[in-house]
Structure formats: structure tokens, C-alpha cells
Amino acid sequence: MTDQQRCPLCAEHYAERTDLRIHLEVEHRKSEIVSELIDVRRHLSGEMDEEDDSVAIDGEPQAPRT
């Protein structure tokens, strides 16, 4: 059984963290809390910004490639 990733802003559930991140960036992208949540999760998971090859457009990070 896999852990379900729950969106903190709505009732959606996702099997993968990447899918949750895409949902947050697409459905809730104008919410400041989404940016903070993604930054906190990135920090807690040990991901470093220099490893992130996404490109920011208008201050918004690019969704991860699948």
C-alpha cells in the first residue's frame, strides 16, 4: 500500500508527490501558500536549488517533467 499525498488546499489525493506538486502548481498556482509549501517540502526533502533545472517564467517555477 502506498502513502497517498493529500492536497492541503482541497480534497484531492495523489499516489505520487510529483503529481501533487503538479496539481498544486496548476490548480492553486496563484496561491502564495503553494509557493511556501513547495519550498518547505523541497527543504525538508533535502533537494537543493542548484539541482533544480527548471526555468522560472514570470517568477513561477516550471512544472516538473514527467
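Taking this note's numbering, the leading residue of the sequence shown gets 243, the next gets one more, and so forth.
Virtual Cβ for every residue (Gly too), placed ideally from N, Cα, C.
Can you name the residues that DSSP bridges to residue i?
{"i": "H285", "result": "Bridge partners of H285: none, in fact."}
In angstroms, rounded to a whole number, what distance separates the CA positions of residue i and residue j?
{"i": "R263", "j": "I280", "result": "7 Å"}
{"i": "S273", "j": "A257", "result": "23 Å"}
{"i": "R271", "j": "L251", "result": "11 Å"}
{"i": "Q247", "j": "H255", "result": "6 Å"}
First and last residue of the alpha helix (DSSP H) that includes residue i?
{"i": "E267", "result": "259–269"}
Give me, in chain order, the residues of the same chain whose beta-carbon lies closer than 8 Å to that of residue i; leave out the 5 immediate sequence neighbours on both sides.
{"i": "D245", "result": "none"}
Please return the same chain residues whose Cβ sits closer than 7 Å to the Cβ of residue i, not counting the five positions on each side in sequence.
{"i": "H265", "result": "C249, E254, Y256"}
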